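Beneath this line is the structure, given in structure tokens, with notes to follow.
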Ligand SMILES: Cc1cc2nc3c(=O)[nH]c(=O)nc-3n(C[C@H](O)[C@H](O)[C@H](O)COP(=O)(O)O)c2cc1C
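What follows is the structure, given as structure tokens:
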């Protein structure tokens with residue numbers, strides 16, 4: 001069994017109650033941090049831990065914290081990103097439902113480190129039932145003196161609130177999140193200025209994912225060096241993976257990123273192998289935005305080594321033969337799944353979720369959705385495949401925020417690795433009219449892999 | 001907050017609105033807009049009229065357009081009447097490969113309506129939505145604040161029946 005740093009207490013009955021949580025060692029980090037450590041010492045531990053942001057980008061959390069502008073008199077804010085809307089990702093919800101106090105404990109430590117006296121958890125509006133659990137837990141924390149004025153006589157004050165979104169994937173992007181928290185549409189801002197200099201209400205702001213903030217608790221309890229011993233290379237600590245799709249045991253797993261992809265899928269400790277005795281065809285390892293990988297690239301790096309669940313190993317080979325760990329939304333496809341249909345589905349998602357500010361994304365996502373819809377339903381042509389390639393290329397890198405890239409990459413990867421399925425749809429329209437169709441590999445492939 | 005009365009919401013909801021406004025700096029009331037709209041919508045048959053939105057604008061000391069642009073941007077706000085129960089079926093990738101399309105067809109057949117429509121008795125509106133963060137428990141839908149997961153046709157029957165009988169016993 002891998003060591004659990006975040007979910008260790010997840011299955012203890014009533015762990016959502018503060019007394020149960022405390023009796024299992026919860027909130028013990030506060031005495032140490034608030035009374036014996038300076039804010040900068042906390043940041044230092046987080047740096048040492050090698051913790052990388054769990055929201056998708058994998059940027060060093062300690063480094064990000066050190067960018068926070070402390071030179072002004074303006075208040076500073078910590079915002080927890082609990083918007084979690086990337087298809088394939090449901091780990092933050094799991095963590096918040098199971099261990100609301102772990103997130104609150106992490107918020108107290110992190111707010112202290114950053115000098116935030118008012119912090120917000122921005123949670124997607126559909127998770128209203130989670131918001132209610134968090135608010136109850138926050139009330140409990142206030143009643144124990146862990147929140148409010150002069151926490152544990154340390155002189156540190158903190159108010160913590162939960163703020164609901166209202167159904168918009170884009171609000172997970174940190175500057176859109178800030179706009180939304182200001183009561184506006186979720187239109188991302190142009191950077192710079194970065195939130196660390198000018199964020200919420202023009203004040204220095206740090207935005208971190210739920211899992212990143214929760215990880216600060218074991219880092220303070222055990223020390224950054226101890227945390228860094230777990231994992232492999234620059235992928236330190238543990239990572240929550242949301243596993244879904246055609247596997248035996250979908251769910252949230254806390255893993256040591258050093259394990260191989262093969263072990264993660266086939267071990268009984270994790271996904272438990274494929275469902276219904278079918279073969280694995282493809283996998284999206286890090287949420288819908290990252291490139292899909294066919295089986296032969298999923299398990300091996302380009303030098304023949306086993307591919308592992310680390311940031312580095314999953315992206316090995318770049319976009320030619322690799323993917324990304326992203327948010328850890330691990331979606332597995334069996335041999336019956338149609339890659340074109342899945343790509344169309346994701347394109348529809350991004351079209352729906354584009355905020356509409358930048359033309360390449362607003363228009364391009366619509367084009368991709370419609371072209372893919374045509375191909376998927378047997379109304380596409382060979383030229384459409386080329387057009388689709390062009391459109392995704394014209395979106396990538398040409399937008400204010402990375403939603404454009406997130407929309408383009410899955411399409412590019414699908415064409416790159418599964419061009420034969422696109423060709424098949426174009427060539428045999430009558431075989432794809434039925435929504436349940438699958439690609440029939442016995443049909444001879446006449447395409448060339450040019451993309 | 002005199003404008004609170006104009007919203008004609010329950011005392012409890014008004015209390016909640018007050019609490020929420022207090023969570024932001026006094027000169028940043030606009031920040032309360034999203035949470036306040038959620039509360040108000042729950043109290044006004046699940047959708048927001050122009051009049052309601054105008055009153056929210058007054059309450060938060062912003063212009064009506066600032067409320068409209070938010071209400072139309074976010075998918076959880078309804079600006080047209082909806083049924084008593086809005087069934088929101090997740091249709092994104094992981095749910096799709098685990099049977100969400102069949103689930104939608106089953107609901108359409110069972111309710112006798114298409115996606116986007118409301119049953120003639122005003123009981124159910126059927127909607128498809130994008131990823132709800134329940135990918136490991138697919139297929140699923142949300143009704144109100146509740147997630148119903150790992151759905152089968154039998155489960156769907158039970159859920160709809162119990163919602164129907166809960167409503168009829170309320171009358
Ligand atoms: C379109 C889009 C959606 C995003 N959604 C989320 C999200 O739901 N949750 C999240 O933590 N980060 C999300 N991010 C990443 C955030 O912008 C930001 O990098 C992250 O919250 C930083 O926290 P971390 O450093 O702890 O990962 C999203 C980014 C983009 C471009």
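Protein chains in written order, with our numbering: chain A, 1 to 451; chain B, 1 to 171. Where is the CB? At the ideal position from N, CA and C, for every residue including glycine. Here the structure is a predicted model, which is why all the values come from computation and not from measurement.
| request: With DSSP as the reference, label residue 77(A) as helix, strand or coil. | output: In the structure shown, residue 77(A) falls within a strand segment according to DSSP collapsed to helix, strand and coil.
Per-residue DSSP class, three states only, for residue 82(A): Under the three-state reduction of DSSP, residue 82(A) is assigned to strand.
- With residue 113(A) as the anchor, note down where its alpha helix (DSSP H) starts and where it stops. Per DSSP, the unbroken alpha helix (DSSP H) holding residue 113(A) starts and ends at 100-114.
Compile a chain-ordered list of the residues in the region 201-216 of chain A whose CB is closer than 8 angstroms to at least one CB of chain C. As a matter of chain content, chain C is missing from the structure shown, whose protein chains are A and B.
Do you know offhand how far residue 241(A)'s Cα is from residue 260(A)'s? Distance between the alpha carbons of residue 241(A) and residue 260(A): 13 angstroms.
(message) Which runs of the alpha helix (DSSP H) at least 4 residues long sit entirely within the region 250-337 of chain A? Give them in chain order.
(response) The qualifying runs are 261-266, 295-298, 311-315, 318-321.
Inset, instruction - Could you tell me if the beta carbon of residue 170(A) falls within a distance shorter than 7 angstroms of some heavy atom in ligand 1? - result: Inclusion of residue 170(A) in the 7 angstroms shell around ligand 1 follows from its C-beta lying nearer than that to a non-hydrogen atom of the ligand.
Exercise for the section: Just mark residue 254(A) as buried or exposed, buried being the case when its beta carbon has 16 or more other beta carbons within 10 Å. Expected result: Classification of residue 254(A): buried, given that the 10 Å Cβ count is 16 or more.
Distance cut-off 7 angstroms: residue 187(A) Cβ against heavy atoms of ligand 1:
No, the Cβ of residue 187(A) stays beyond 7 angstroms of every heavy atom of ligand 1.
| query | Terminal residues of the continuous alpha helix (DSSP H) containing residue 4(A)? | reply | Taken as a continuous stretch (DSSP letters only), residue 4(A) belongs to no alpha helix (DSSP H), as it is neither H nor E.
May I ask you to list, following chain order, the residues of the region 131-143 of chain A that have a beta carbon less than 7 angstroms from some beta carbon of chain B?
Within the region 131-143 of chain A, no residue has a Cβ that lies closer than 7 angstroms to any Cβ of chain B.
For residue 451(A), the three-state DSSP class (helix, strand or coil): Residue placement at residue 451(A) cannot be trusted, given a pLDDT of 40 that sits under 50; the coordinates are not used to answer.
Any idea if residue 334(A) is buried or exposed, counting beta-carbon neighbours within 10 angstroms, 16 or more meaning buried? With 16 or more other Cβ atoms within 10 Å, it is buried.
Q: Please work out which residues of its chain come closer than 7 angstroms, Cβ to Cβ, to residue 46(B), disregarding the five sequence neighbours upstream and downstream, and give them in chain order.
A: Apart from sequence neighbours up to five positions away, the residues of its chain that approach residue 46(B) with a beta-carbon distance below 7 angstroms are 78, 82, 86, ordered along the chain.
| request: With a threshold of 7 angstroms, establish whether the CB of residue 283(A) neighbours any heavy atom of ligand 1. | output: Because no heavy atom of ligand 1 lies under 7 angstroms away, the Cβ of residue 283(A) does not count as near it: no.
* If you draw a straight line from the C-alpha of residue 275(A) to the C-alpha of residue 302(A), how long is it? -> So the two alpha carbons sit approximately 28 angstroms from each other.
Review point. Whole-angstrom Cβ separation of residue 55(A) and residue 327(A), contact assumed at under 8 angstroms?
Key: The C-beta distance from residue 55(A) to residue 327(A) rounds to 6 angstroms, short enough to fall under 8 angstroms.
Practice prompt. Note down, in chain order, every chain B residue with its Cβ under 7 angstroms from the Cβ of residue 352(A).
Written response: Around residue 352(A), the beta-carbon contacts reaching into chain B at under 7 angstroms are 130.
Paired residues, beta bridge with residue 159(A) - DSSP:
Residue pairing by DSSP places residue 159(A) opposite 118(A) in a beta bridge.
Nearest residue (CA-CA) to residue 8(B), options 41(B), 28(B), 26(B): Looking at the Cα atoms, 41(B) is the closest of the given residues.
Query raised in the report: Helix, strand or coil: which one does DSSP assign to residue 349(A)?
Result: Residue state, collapsed to three classes: helix.
Residue of 417(A), 135(A), 338(A) minimising C-alpha distance to residue 16(B) = The closest CA to that of residue 16(B), considering only 417(A), 135(A), 338(A), is found on 135(A).
Listed from N- to C-terminal order along the chain, which residues in the region 73-91 of chain B have their beta-carbon within a distance smaller than 9 angstroms of any beta-carbon of chain A? Identification of residues in the region 73-91 of chain B having a C-beta nearer than 9 angstroms to some C-beta of chain A yields 73, 74, 75, 76, 77, 88, 91, given in sequence order.
Note to self: Does the region 196-207 of chain A come into contact with the region 19-35 of chain A, if we say contact requires no fewer than three beta-carbon pairs (one atom in each stretch) closer than 8 angstroms?
What the structure shows: These segments do not touch.
| Smallest Cα separation from residue 35(B): which of 51(B), 162(B), 60(B)? | It is 60(B) whose Cα lies nearest to the Cα of residue 35(B).
Q.
Short of 8 angstroms Cβ to Cβ, which residues in the region 137-148 of chain B face chain A?
A. Across the region 137-148 of chain B, CB contacts with chain A closer than 8 angstroms involve 137, 138, 142, 145, 146, 147, in sequence order along the chain.
Cutoff 8 angstroms: residue 96(B) Cβ touching any chain A Cβ: Interface residue, yes.
_Simplified DSSP assignment, three categories, for residue 98(B)_ = Residue 98(B) falls in the coil class under three-state DSSP.
Query raised in the report: Which full runs of the alpha helix (DSSP H) of 4+ residues lie inside the region 105-147 of chain B, going along the chain?
Result: If one requires a minimum length of 4 residues, no alpha helix (DSSP H) run lies completely within the region 105-147 of chain B.
request  = Rounded to whole angstroms, what's the CA-CA distance from residue 292(A) to residue 168(B)? Just pull it up for me.
outcome  = Distance between the alpha carbons of residue 292(A) and residue 168(B): 48 angstroms.
Exercise. So the beta strand (DSSP E) residue 239(A) belongs to, where does it begin and stop?
Worked result: 238-245 is the span of the beta strand (DSSP E), which, as asked, contains residue 239(A).
- Query: Under the rule that 16 or more other beta-carbon atoms within 10 Å means buried, what is residue 444(A), buried or exposed?
  - Reply: Since pLDDT at residue 444(A) reaches only 47, below the 50 mark, its modelled position is unreliable, and the value read off the structure follows with that caveat. By the 10 Å Cβ count, residue 444(A) comes out exposed.
Through-space distance from residue 94(B) to residue 341(A), alpha-carbon basis: Distance between the alpha carbons of residue 341(A) and residue 94(B) is about 12 angstroms.
Per DSSP, the bridge partner or partners of residue 49(B)
In DSSP, residue 49(B) forms no bridge with anything.
List the residues that DSSP assigns as beta-bridge partners of residue 388(A). Paired residues: none, contrary to the question.
Residue 131(A) and residue 9(A): beta carbons closer than 8 angstroms?
-> No, these two residues do not count as a Cβ contact at 8 angstroms.
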